[in-house]
Amino acid sequence: MLLNVTGPSTMTLMEMNEAAEIIHGIAHQDANIIFGTVINDDMGDEVRVTVIAAGFDRWEGAPQVRPTGRPAGRTASPARDPKPAAPAKDIFSTDGESGDDGDDDFDVPSFLK
94 MLLNVTGPST MTLMEMNEAA EIIHGIAHQD ANIIFGTVIN DDMGDEVRVT VIAAGFDRWE
154 GAPQVRPTGR PAGRTASPAR DPKPAAPAKD IFSTDGESGD DGDDDFDVPS FLK
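Residue numbers (the working numbering): 94 to 206.
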């Protein structure tokens, strides 16, 4: 979903956020909302909100309006025990490894070979 708020330079961040929260409250909880703003002093005291949405066939049923603010139905996933990271190799070390792959005939990057 694309959300664009157009208004004069006097438009406050709270006004932009209020429009975004209204749209967020109506949208599906898994909707990806991309937000943008345009400053146009020719608008006077008006604010225009443009919404472009697609993918309605992905979800069944009518949209459910939920209170704005925090997304409803989303819970924190339990933290996973991270695997201990392998010690980082010193890429600037000159110990034993020359970094030479044995192909001195051409200066072709290895991903192109």
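Ideal placement from N, C-alpha and C gives every residue a C-beta, glycine not left out.
Residues sharing a beta bridge with residue i, DSSP
i: Asn97; result: Gly129 and Thr143
Cβ distance (whole Å) where residue i is taken to contact residue j below 8 angstroms
i: Ala120; j: Ile126; result: 6 angstroms
i: Leu96; j: Ala113; result: 6 angstroms
i: Met94; j: Ala146; result: 4 angstroms
Per-residue burial, residue i [other beta carbons within 10 Å of its own, 16 or more giving buried]
i: Gly100; result: buried
Residue i - DSSP class collapsed to helix/strand/coil
i: Ala169; result: With a pLDDT of 49 at Ala169, under the threshold of 50, the modelled position of that residue is not reliable, and no figure is offered here.
i: Ser203; result: helix
i: Glu117; result: A small correction: the amino acid at residue 117 is His; Glu does not occupy that position in the sequence shown. In the structure shown, His117 sits in a helix (DSSP, three-state: H, G or I).
i: Ala112; result: helix
i: Met104; result: coil
i: Asp134; result: helix
Closest residue to residue i among the options (Cα-Cα distance)
i: Met136; options: Gly148, Val98 and Ile145; result: Val98
i: Asp134; options: Asp200, Thr103, Met94 and Met107; result: Thr103
i: Leu106; options: Val131, Gln122 and Thr143; result: Val131
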